[in-house]
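Visitor:
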Amino acid sequence: MRRAAIASIALAVALAATAAPAAAQSLRTLDGKAFTPAGADRKVRALMQAGQVRGLAVALIRDGRVAYLRGFGARDARGDPLTPDTVMYAASLTKATFGVLVMQLVADGKVNLDRPIATYLPKPLPDYPKYADLKGDPRWRKLTLRILLDHTSGIANYRGLEPDGKLRFHRDPGRRFGYSGEGINLAQFVLEEGLKIDVAAELQRRIFDRYEMSRTGLTWRDDFADNVADSFLADGSVQPHQRRASVRAAGSMDTTPRDWSRFLAAVVRGEPTGPEGLREMIRPRVFIDSATEFPSLTEETTDENYAIRLGYGVGWGVYQSPFGHAFFKEGHDDGTQNYALCIQQRRSCILVMSNTDRAEAIFKPLVEALMGDVALPWKWEGYTPYDQPSGGTPAPR
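Shown next as structure tokens:
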């Protein structure tokens, strides 16, 4: 009884919203349905309660500007409120941020997406201890930055998923989509080792400072500690926020809903990349025929997503929605479930960030309530709604 009472109190705390200043005007879904900020608040609270989600933040971008930003529920076991300025783990939203940086380097003429990475490195990739596992397999020479960033490297998501913990190619590079954090980290290695580009410093200068992302960094900072989210895990335990000390383009970033929504609004406006860079970044380079996103190297195929032309660009997933070209990025780890989706022509986006393992089960109804029926590829992403049988647990991404 005591445990049930504590859980009931905690859930009640989780449904108290911390809001940014409310906009007086109404908002609209992309199919024209009007709703007020207060109505959006009610919808989010109802879905959080139904899905047993402890903490959540939601931002809506309309015409390239943040029009709605709210924090809901608890950021930690004490019940401290999750706010728009709470530092949260970005997980693989880091990859999309890194993709924008790469496109800036392309615009500056510093890198070419389709040039083999071998031409950037002073010695063969397998001569570096971190990549010695690839010795004897010449396919590494086929790798380009584009192949690494559109997840067609043929390498597992993370080497720790291999039975022996060693890197290997499962497919020829460039042939088929297979999500790979290892590929993103390799792209970072090429920039840092081959071109002597400090990825953390460049992201700070080019993106974080430019868009006043004062509570964002690729590694932990002590000034984050006054307002930081811990993680509510599926087993009911609470995991303290991990204070990451190593820069990883695949997923070391901490950020806040306010910071990253400001960045996302700039991306859909085409500011960080320029219009041409945005078009190239979200142009589908590979179309996806896998039945599910994870396991990342599944051989099971489907034609279910052909109609929406589901694919991948430079660091972002893409597809054709009923309202125009869409680009998206997930962020998933234990106790972290994030989602960003933009419709390019409408310059409209949604950002959802959560510190609760259950949150992905409300993503589909939440997106549809606040954006409209955007043909979300939810089955492929593993976003089975809370009121349907579970399709399993997604991998970190």
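With the sequence shown counted from 1, adding 1086 to any position gets you this note's numbering.
Ideal Cβ placement from N, Cα and C applies to all residues, glycine included.
Between V1400 and E1366, is the Cβ-Cβ spacing less than 8 Å?
Guide: Residue numbering aside, residue 1400 sits at position 314 when the sequence shown is read from its first letter. Residue numbering aside, residue 1366 sits at position 280 when the sequence shown is read from its first letter. Yes.
Visitor: Just to confirm the assignment, what range does the beta strand (DSSP E) spanning M1439 have?
Guide: The residue given as residue 1439 occupies position 353 in the sequence shown. M1439 -> beta strand (DSSP E) spans 1434-1440.
Visitor: Looking only at its own chain, which residues have a Cβ that is under 6 Å from the Cβ of D1117, when we skip the five neighbours before and after it?
Guide: Reading the sequence shown from its first residue, position 31 is the one you call residue 1117. Excluding sequence neighbours, D1117 sits near G1458.
Visitor: Confirm, please, whether the CB-CB distance from V1188 to L1235 is below 8 Å.
Guide: Taking the sequence shown and counting its residues from 1, one reaches residue 1235 at position 149. Taking the sequence shown and counting its residues from 1, one reaches residue 1188 at position 102. Yes, they are a contact pair.
Visitor: By DSSP, does S1266 sit in helix, in strand, or in coil?
Guide: Translated into positions along the sequence shown, residue 1266 becomes position 180. Correct three-state label for S1266: coil.
Visitor: Give me, in chain order, the residues of the same chain whose beta-carbon lies closer than 6 Å to that of Q1290; leave out the 5 immediate sequence neighbours on both sides.
Guide: The count along the sequence shown starts at 1 and reaches residue 1290 at position 204. Around Q1290: no qualifying Cβ.
Visitor: Taking the CB atoms as reference points, tell me whether P1370 and V1404 lie closer together than 8 Å.
Guide: Against the sequence shown, residue 1370 aligns to sequence position 284. Against the sequence shown, residue 1404 aligns to sequence position 318. Going by C-beta atoms, P1370 is nearer than 8 Å to V1404.
Visitor: For the stretch 1338-1355 against the stretch 1166-1176, do three or more pairs of beta-carbon atoms, one drawn from each stretch, fall closer than 8 Å, so that the two count as touching?
Guide: yes
Visitor: If R1128 sits next to A1120, beta carbons under 8 Å apart, how far is it from one beta carbon to the other, in whole angstroms?
Guide: As a first step, residue 1128 must be located in the sequence shown, where it is residue number 42. As a first step, residue 1120 must be located in the sequence shown, where it is residue number 34. For a cut-off of 8 Å, the C-beta gap from R1128 to A1120 is around 14 Å, too long to register as a contact.
Visitor: Where do the N-terminal and C-terminal ends of the beta strand (DSSP E) with L1427 fall, by residue?
Guide: The residue labelled residue 1427 in the question sits at position 341 within the sequence shown. Unbroken beta strand (DSSP E) run through L1427: 1422-1429.
Visitor: Just reading off the beta strand (DSSP E) that S1407 is part of, what are its end residues?
Guide: Position 321 of the sequence shown holds residue 1407. Taken as a continuous stretch (DSSP letters only), the beta strand (DSSP E) holding S1407 covers 1403-1407.
Visitor: Where do the N-terminal and C-terminal ends of the alpha helix (DSSP H) with K1252 fall, by residue?
Guide: Position 166 of the sequence shown, counting from 1, holds the residue named residue 1252. Element bounds for K1252: n/a, residue is neither H nor E.
Visitor: Does DSSP put F1158 in a helix, a strand or coil?
Guide: In the sequence shown, residue 1158 corresponds to position 72, counting from 1. Strand.
Visitor: Taking the beta carbon of T1183 as the centre, do at least 16 other beta carbons fall within 10 Å, making it buried, or is it exposed?
Guide: Here residue 1183 corresponds to residue number 97 of the sequence shown, with the count starting at 1. Its Cβ being crowded by 16 or more others within 10 Å, T1183 is buried.
Visitor: In whole angstroms, give me the CA-to-CA distance for R1148 and S1382.
Guide: The residue labelled residue 1148 in the question sits at position 62 within the sequence shown. The residue labelled residue 1382 in the question sits at position 296 within the sequence shown. Distance between the alpha carbons of R1148 and S1382 is about 33 Å.
Visitor: Near R1245, which residues of its chain fall below 8 Å by C-beta distance, leaving aside the five closest residues on each side in sequence?
Guide: The count along the sequence shown starts at 1 and reaches residue 1245 at position 159. Excluding five sequence positions before and after R1245, the CB atoms of its chain that fall closer than 8 Å to its own CB belong to D1219, G1251, K1252, L1253, E1268, given in chain order.
Visitor: Alpha carbons only, please: which of T1470, A1336, V1144 is nearest the one belonging to S1440?
Guide: For this step, residue 1440 is matched to residue 354 along the sequence shown. If we check each option's Cα against that of S1440, V1144 comes out closest.
Visitor: Between which two residues does the beta strand (DSSP E) holding D1419 run?
Guide: Translated into positions along the sequence shown, residue 1419 becomes position 333. Here the beta strand (DSSP E) through D1419 covers 1410-1419.
Visitor: Can you list the alpha helix (DSSP H) stretches of 4 or more residues lying completely in the stretch 1269-1356, in chain order?
Guide: 1285-1289, 1343-1355
Visitor: Three-state secondary structure (DSSP) at A1143?
Guide: Your numbering for residue 1143 matches position 57 in the sequence shown. Three-state DSSP puts A1143 in a strand.
Visitor: I need the boundaries of the alpha helix (DSSP H) containing G1360, first residue and last residue.
Guide: As a position in the sequence shown, residue 1360 is number 274, starting the count at 1. 1360-1367 is the extent of the alpha helix (DSSP H) around G1360.
Visitor: Which value, in whole angstroms, describes the spacing of the CA atoms of S1317 and G1159?
Guide: Looking up residue 1317 in the sequence shown gives position 231. Looking up residue 1159 in the sequence shown gives position 73. Answer to the nearest angstrom: the Cα atoms are 13 Å apart.
Visitor: Using CA coordinates, which residue listed in R1444, W1466, V1453, L1462 is at the minimum distance from Y1472?
Guide: Translated into the one-based positions of the sequence shown, residue 1472 becomes position 386. The shortest Cα separation from Y1472 among R1444, W1466, V1453, L1462 belongs to R1444.
Visitor: Let me know if A1331 comes out buried or exposed under the rule of 16 or more other beta-carbons within 10 Å of its beta-carbon.
Guide: Here residue 1331 refers to the residue found at position 245 when the sequence shown is read from its first residue. With fewer than 16 other Cβ atoms within 10 Å, it is exposed.
Visitor: Alpha carbon to alpha carbon, how far is P1107 from L1350?
Guide: By one-based count along the sequence shown, residue 1107 stands at place 21. By one-based count along the sequence shown, residue 1350 stands at place 264. Since pLDDT at P1107 reaches only 42, below the 50 mark, its modelled position is unreliable, and the value read off the structure follows with that caveat. Spanning the two alpha carbons is a distance of roughly 19 Å.
Visitor: Start and end of the alpha helix (DSSP H) containing W1464?
Guide: Locating residue 1464 in the sequence shown gives position 378, counting from the first residue. 1464-1467 is the span of the alpha helix (DSSP H), which, as asked, contains W1464.
Visitor: Assign A1100 to one of two classes, buried (16 or more other C-beta atoms within 10 Å of its C-beta) or exposed (fewer than that).
Guide: The count along the sequence shown starts at 1 and reaches residue 1100 at position 14. For A1100, the pLDDT reaches just 42, beneath the cut-off of 50, and the residue's location in the model is therefore unreliable, leaving the point undetermined.
Visitor: For the stretch 1221-1232 against the stretch 1294-1306, do three or more pairs of beta-carbon atoms, one drawn from each stretch, fall closer than 8 Å, so that the two count as touching?
Guide: no
Visitor: Using only the alpha-carbon positions, how far apart do R1395 and L1304 sit?
Guide: Taking the sequence shown and counting its residues from 1, the one referred to as residue 1395 is at position 309. Taking the sequence shown and counting its residues from 1, the one referred to as residue 1304 is at position 218. Taking the straight line from one Cα to the other gives about 32 Å.
Visitor: Between S1347, D1312, L1319, A1126, which lies nearest to G1141 when the distance is taken from Cα to Cα?
Guide: Position 55 of the sequence shown, counting from 1, holds the residue named residue 1141. It is L1319.
Visitor: Of the residues D1321, T1359, G1360, N1391, which one's Cα is nearest the Cα of F1373?
Guide: Here the question's residue 1373 lines up with position 287 in the sequence shown. Relative to the Cα of F1373, the nearest Cα in the group D1321, T1359, G1360, N1391 belongs to N1391.
Visitor: Helix, strand or coil: how does DSSP classify P1107 here?
Guide: Locating residue 1107 in the sequence shown gives position 21, where the first residue counts as 1. Annotation note: pLDDT 42 at P1107 (below 50); position unreliable, coordinate value reported separately. Reduced to three states, the DSSP call for P1107 is coil.
Visitor: Leaving out the 5 sequence neighbours to the left and right, which residues in its chain are closer than 7 Å to E1288 when beta-carbon positions are compared?
Guide: The count along the sequence shown starts at 1 and reaches residue 1288 at position 202. Once the five neighbours on either side are set aside, the close Cβ partners of E1288 are L1187.
Visitor: Tell me the rounded alpha-carbon separation between V1192 and T1122.
Guide: On the sequence shown, position 106 is the one that residue 1192 refers to. On the sequence shown, position 36 is the one that residue 1122 refers to. Distance between the alpha carbons of V1192 and T1122 is about 41 Å.
Visitor: Mind checking which residues open and close the alpha helix (DSSP H) that includes I1233?
Guide: Within the sequence shown, numbered from 1, the residue matching residue 1233 stands at position 147. Counting along the chain, the alpha helix (DSSP H) containing I1233 begins and ends at 1231-1235.
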